[in-house]
Amino acid sequence: LSQGIDKAKVEQIGFEDFNAARRDELDSHVRITGPNATVAQDLEPEYLSFAGNGKLYVAMQENNAFAIIDPSSASVEKIVGLGEKSWGDYKLDASNKDGIVGNFQSYPQLVGLYMPDSIDSYSVNGKHYLVSANEGDGREYGFNTTQQLCDQAGFEWDEDDYSNSTMYATEPGFCLSHIDEVRGKKLDITADHPLASALKDKKQLSRLKVVKPAATLAADQNVQAFGARSFSIWDENGKIVFDSGDQIAQIAFLTQQAQFNSSNDSNQSGDDRSDDKGSEPEAIEVAYINGRHYVFVGLERQGGIMVFDISDPKQAQFLHYVNRRDYAQAVCTQVEDGECTSGIYNPRAGDLGPESIHYFSRLNQHYIAVGNEVSGTTSVYRIEL
């Protein structure tokens, strides 16, 4: 843009080299799972950040990877798989049908794929770091047709079952031609797998949505969940430096127990998202204020912003959690059986679904602006240290 916006040059950076010539550079942690897709088609850039080392980092959420790009040559230096986080080291609530809000348990051989959504970057003492909001995301592809035609094609019907009515051949609905998730109770595993019992128990893992494997999981293979329910700090090579573990969930539970793991479109939905991806860290932003680095993490489902001091990248410290959401209010002006029927947001419900965060300063004051997807609101917070 140095010559003016009217003379701007656009250069596309693709991943076609990884279809063949550079295919062997991809490690096993880079997920290439789309049906009938090339590597370049499968890779999904989600979010990006320019780091202090001059590199451009691109989060590819569904692929559980970062791409590291050299802007000066408009080339992809490498693609780094982000690996797995063990839930044997931390605890999570993995069921929405156990009758217990905050049923935290630990599971060796259950892992979370980080699958970051938003990322940002910062530098400390000449070293460069990325921060990621580890929301997680699966894939589903489909089309509208009747249940009869969906069944005949061997696909998965995603609507009410019409098989015993005349609507079986006439009522249109959504037919899933590809989906990469499955409930724990339907996971294909060997009988001697250490999680076999937990995966059949609705108070443990039977409800959890996990990655559908290409083949039967053997006893020594991990069960993979979507997302890590955390934020992480990575070095400039994509190696993990810090992960918040189960801290986000534990803090959210302590501050609003009955509404823990709520959905963002219902204020009577405590525990509703436990079997999915929990509070879903979605938005992330770094701010440098008075010689310290802070990260702001937006929780898409639970709502609110968590603040951590990340000045020491290896030992991030929790500081504060604010949630401008009123759980006592209906999320819209007309509700039936807990569901919004009017489609009109109730402003008394507060902010719902933080999607993005932006830090800025004015007149020596520091602020963040938060875009809330579900409520359609924008909130501005003044930062007081």
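Sequence positions in the sequence shown follow full-length UniProt numbering and run 1 to 385.
By construction, the Cβ of each residue, glycine as well, lies at the ideal position given by its N, Cα and C atoms.
In or out: residue i buried (at least 16 other Cβ within 10 Å) or exposed?
i           : result
Pro-281     : buried
Gly-227     : buried
Gln-317     : exposed
Thr-146     : buried
Asp-120     : buried
Phe-360     : exposed
Lys-277     : buried
Gln-259     : buried
Leu-217     : buried
Leu-319     : exposed
Ala-214     : exposed
residue 397 : Summary: the structure shown does not reach residue 397, with the chain confined to residues 1 through 385, and so no result is reported for it.
Ala-328     : exposed
Glu-336     : exposed
Gly-238     : buried
Val-380     : exposed
Ser-262     : buried
Gln-256     : buried
Give a yes or no on whether the C-beta atoms belonging to residue i and residue j are separated by under 8 Å.
i           : j       : result
Asp-160     : Gly-142 : no
Leu-130     : Ser-230 : no
Ala-287     : Tyr-294 : yes
residue 396 : Tyr-114 : This structure leaves residue 396 out entirely; the chain is present only between 1 and 385.
Ala-40      : Phe-15  : yes
Asn-53      : Leu-82  : no
Ile-79      : Ala-67  : yes
Ala-330     : Asn-264 : no
Leu-254     : Val-223 : no
Gly-270     : Val-101 : yes
Glu-325     : Ala-349 : Correcting the residue type first, residue 325 is Arg in the shown sequence and not Glu. Yes. Within cutoff.
Val-111     : Ser-86  : yes
Glu-44      : Met-60  : yes
Leu-363     : Asn-290 : no
Leu-92      : Ala-249 : yes
Glu-181     : Gly-138 : yes
Rounded to whole angstroms, what is the Cα-Cα separation between residue i and residue j?
i       : j       : result
Cys-150 : Gly-184 : 24 Å
Ser-197 : Ser-206 : 9 Å
Ser-72  : Glu-11  : 11 Å
Arg-31  : Gly-298 : 25 Å
Leu-187 : Lys-212 : 7 Å
Ile-310 : Ser-279 : 21 Å
Glu-77  : Leu-1   : 24 Å
Gly-126 : Asp-220 : 41 Å
Ser-28  : Ser-123 : 29 Å
Glu-25  : Ser-75  : 15 Å
Gly-136 : Gln-148 : 33 Å
Arg-23  : Ile-69  : 17 Å
Lys-202 : Glu-236 : 41 Å
Ala-51  : Pro-313 : 15 Å
Gly-376 : Ala-20  : 44 Å
Ala-252 : Arg-301 : 11 Å
Ser-356 : Phe-308 : 17 Å
Gln-247 : Asp-6   : 48 Å
Phe-174 : Tyr-168 : 13 Å
Ser-132 : Tyr-367 : 20 Å
Tyr-107 : Arg-292 : 36 Å
Ala-191 : Glu-140 : 28 Å
Cys-332 : Thr-378 : 17 Å
Pro-42  : Ile-233 : Rather than Pro, the amino acid found at residue 42 in this sequence is Asp. Rounded to the nearest angstrom, the two C-alpha atoms are 25 Å apart.
Glu-373 : Gln-334 : 19 Å
Thr-341 : Phe-18  : 47 Å
Gln-365 : Phe-296 : 17 Å
Gly-4   : Leu-56  : 22 Å
His-193 : Ala-8   : 57 Å
So residue i and residue j are in contact, right, with Cβ under 8 Å, and what is the actual spacing, rounded?
i           : j       : result
Asn-96      : Ser-274 : 5 Å
Asp-117     : Glu-46  : 6 Å
Val-370     : Pro-347 : Contact doesn't hold; Cβ gap of about 16 Å is too wide.
residue 400 : Glu-285 : Shown here, the chain extends from 1 to 385; a query on residue 400 therefore has no answer.
Ala-225     : Val-241 : Contact doesn't hold; Cβ gap of about 22 Å is too wide.
Ile-305     : Val-322 : 6 Å
Gln-204     : Gln-105 : 6 Å
Ile-189     : Leu-199 : 7 Å
Cβ of residue i versus every heavy atom of the ligand MG: is any distance shorter than 7 Å?
i      : result
Trp-87 : Only the bare structure without any ligand can be found here, which leaves the ligand MG out of the picture.
Whole runs of the alpha helix (DSSP H) within the segment 126-194, excluding any shorter than 4 residues:
147-152
Give, in chain order, every unbroken run of the beta strand (DSSP E) that is at least 3 residues long and sits entirely within the segment 207-262.
209-211, 223-226, 231-235, 240-243
Which runs of the beta strand (DSSP E) at least 3 residues long sit entirely within the segment 26-68? Give them in chain order.
47-50, 56-60
Write down every uninterrupted run of the beta strand (DSSP E) in the segment 317-382 whose length is 3 residues or greater and which is fully enclosed by it, in chain order.
317-322, 354-362, 365-372, 377-382
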